[in-house]
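Visitor:
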Amino acid sequence: MIYLDNAATTPLDEEVLKAMLPYFCQTYGNAQSQHAAGRAAASALLAARDELASIFGCKGEEVYFLSGGTEAGNLAVKGVCEAYKTGHIIVSELEHPSVYESALKMRERGFELTVLKPSKEGVISPESVESAIKPNTIFCAVMAANNEIGTIQPYEEIAEICAEHGVFYYADCVQSASSLPFPKGASAFAVSAHKFNGPKGIAAMYIKDKSPIKPIIDGGRQERGLRGGTSNVAAAVGLAAALKAAVENREKNNLSIKRVRDIFLDNALKIEGAHLNGSRELRIPSNANLSFDGCAGEKVVFNLDLKGVCASTGSACSAGAVTPSRVVESCVGSTRAAQAVRFTFGKYNTEQDALLVADILKKVVLQIRN
Ligand code: PLP
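For the sequence shown, the working numbering begins at 159 and goes up steadily by one.
1) Around the C-beta of Q192, are 16 or more other C-beta atoms found within 10 angstroms, so that it is buried, or is it exposed?
2) On the three-state DSSP scale, how would you describe D424?
3) Going by C-alpha distance, which of R417, A496 and P370 is nearest E240?
4) Going along the chain, which residues of its own chain have a beta-carbon closer than 7 Å to the beta-carbon of Y258, five neighbours each way excluded?
5) Taking 7 Å as the line, does the beta carbon of A299 fall inside it for any heavy atom of the ligand PLP?
6) DSSP state of A251, grouped into three classes?
7) Measuring from the CB of N445, is there a heavy atom of the ligand PLP at a distance below 7 Å?
8) Using a threshold of 7 Å, is the CB atom of N305 nearer than that to any non-hydrogen atom of the ligand PLP?
9) Give the C-beta separation of A469 and R500 to the nearest angstrom, bearing in mind that I take them to be a contact with Cβ-Cβ under 8 Å.
10) Checking 8 Å against the spacing of the C-beta atoms, do L538 and L413 come in under that value?
11) Would you tell me roughly how many angstroms separate the C-alpha atoms of Q333 and G504, rounded to the nearest one?
12) Would you report the Cα separation of S492 and N447, rounded to the nearest angstrom?
13) Can you grab the Cα-Cα spacing for the pair G245 / C320, in whole Å?
14) For the beta strand (DSSP E) containing A329, name the first residue and the last one.
15) To the nearest angstrom, how far is the alpha carbon of E409 from that of P443?
16) Go through the region 185-270 residue by residue and report every complete run of the beta strand (DSSP E) that reaches 3 residues or more, in order.
17) Which runs of the alpha helix (DSSP H) spanning at least 4 residues fall entirely within the region 432-476, listed in chain order?
18) With S350 as the anchor, note down where its alpha helix (DSSP H) starts and where it stops.
19) Does the distance between the C-beta of S260 and the nearest non-hydrogen atom of the ligand PLP fall short of 7 Å?
20) Where do the N-terminal and C-terminal ends of the beta strand (DSSP E) with F297 fall, by residue?
21) Who does T272 pair with in a DSSP beta bridge?
22) Can you determine whether any heavy atom of the ligand PLP sits closer than 7 Å to the C-beta of V332, and answer yes or no?
23) Using 8 Å for Cβ pairs, my map puts A329 next to M363. What's the rounded Cβ distance?
24) So, for A290: in the same chain, excluding its five sequence neighbours on each side, which residues have a beta-carbon less than 7 Å away from its beta-carbon?
25) Among I160, Y161, A165 and M159, which has the Cα closest to the Cα of N445?
26) Taking the beta strand (DSSP E) that M363 belongs to, which residues open and close that run?
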């Protein structure tokens, strides 16, 4: 099997597993308990939080553990709306459903919503953010890098614009955590461990001190009252270990992943009627999203799977109906969106994987066309 779906999830690293193991059967206390077992767990949680704070360049009290990137997106949109009660919110068309669908829900509840359109290259311009801001704007979400087409957004410029206008800016860093620097000027951003060889079901969210945001889950006083629920200490330790390794090896991994991705891309683009979706330059090193004339994306993915290659479409497939990706469609139109196939590389992929998959892909595309 050749796994080229690292944007969906990545394998857990052995070293991360080792760091987590003591927190299942030995140091298993509830981090909120007053006794020795609880204090031991709390101290591990604190160490993980401090490690993340030093990576993010913030205070430990500004780091929150959540169940994943999905919860972070929900908390950002709904938590800020809950704090303000009324106002205008802005999200980009590129956002993950956790942000996008939350924004639609807030519109149903009476908030005004502007959805920013990307360019054909899959990029949101800072100018479009600035011109969308109104006197009653409370919130803006433009992700750091897109999960489907991998395009990098001008998140530092957007952060500056939002700060000037006193707008809460959320930068979803779930896809960029291992490859790009963290935003310096955002009000909040989040990373999800399973995207950088950490465990599933845990995210860390930076939220600037004193930001207007309310909890969306009622419960205990964990995470300084913002997120109730017994702390998942093992997962928090795993997240910190995985992010530390990812950031320490960022440059090296970026170079090698990009090299392998580019070998694949150069070969795949030689297939007649192949198109790259989104900018080639403004793209995280791991992503190649391609459409092939005359080939439905899900057919390509299905046939690749039969040949042992794991890739994905940008389509949501439910009850047999395939809906082309909203994100890809907004950049390159519905025909190319229905043909889109996403290949995402990770640090374990090799040059041989790239060449072999490009070769298999060519055969699959020709077979479908015939
Ligand atoms: N945001 C982006 C950009 C993502 O790609 C994903 C997952 O694919 C999420 C949020 C959700 O993260 P999680 O799987 O941790 O819920």
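Cβ atoms here follow ideal geometry from the backbone N, Cα and C, with glycine treated the same way.
Guide: Looking at the atomic coordinates:
1) The residue is exposed, with fewer than 16 neighbouring Cβ atoms inside 10 Å.
2) When secondary structure is reduced to three states using DSSP, D424 falls in the helix class.
3) When only C-alpha atoms are compared, the closest one is P370.
4) Only V249 meet the Cβ criterion.
5) Between the ligand PLP and A299, a heavy atom-to-CB distance of less than 7 Å is absent.
6) Checking the sequence, you will find Glu at residue 251 rather than Ala. Three-state result, E251: coil.
7) Because no heavy atom of the ligand PLP lies under 7 Å away, the Cβ of N445 does not count as near it: no.
8) N305 has its Cβ nearer than 7 Å to a heavy atom of the ligand PLP.
9) Taking 8 Å as the upper bound for CB-CB distance, A469 and R500 are in contact here, some 6 Å apart.
10) The shown model of the chain, from 159 to 528, leaves out residue 538, and the question about it has no answer.
11) Rounded to the nearest angstrom, the two C-alpha atoms are 12 Å apart.
12) In this structure, the CA atom of S492 is about 15 Å from the CA atom of N447.
13) One C-alpha to the other measures close to 15 Å.
14) Annotation for A329: the continuous beta strand (DSSP E) segment containing it runs F326 to D330.
15) When only Cα atoms are considered, E409 and P443 end up about 11 Å apart.
16) Within the region 185-270, the beta strand (DSSP E) runs of at least 3 residues that lie entirely inside it are, in chain order, 221-224 and 246-250.
17) With a minimum length of 4 residues, the continuous alpha helix (DSSP H) runs that stay inside the region 432-476 are 455-464.
18) It is not in any alpha helix (DSSP H) - S350 instead sits in the beta strand (DSSP E) that spans A346 to S350.
19) Because no heavy atom of the ligand PLP lies under 7 Å away, the Cβ of S260 does not count as near it: no.
20) Counting along the chain, the beta strand (DSSP E) containing F297 begins and ends at T295 to A299.
21) DSSP output for T272 lists I248 as bridge partner(s).
22) True, at least one ligand heavy atom lies under 7 Å from that Cβ.
23) About 11 Å; that fails the 8 Å criterion.
24) Apart from the 5 residues on each side of it in sequence, A290 sits with its Cβ closer than 7 Å to the Cβ of I248, T272 and L274 in its chain, given in chain order.
25) Looking at the Cα atoms, A165 is the closest of the given residues.
26) Where M363 is concerned, the enclosing beta strand (DSSP E) starts and stops at A361 to I365.
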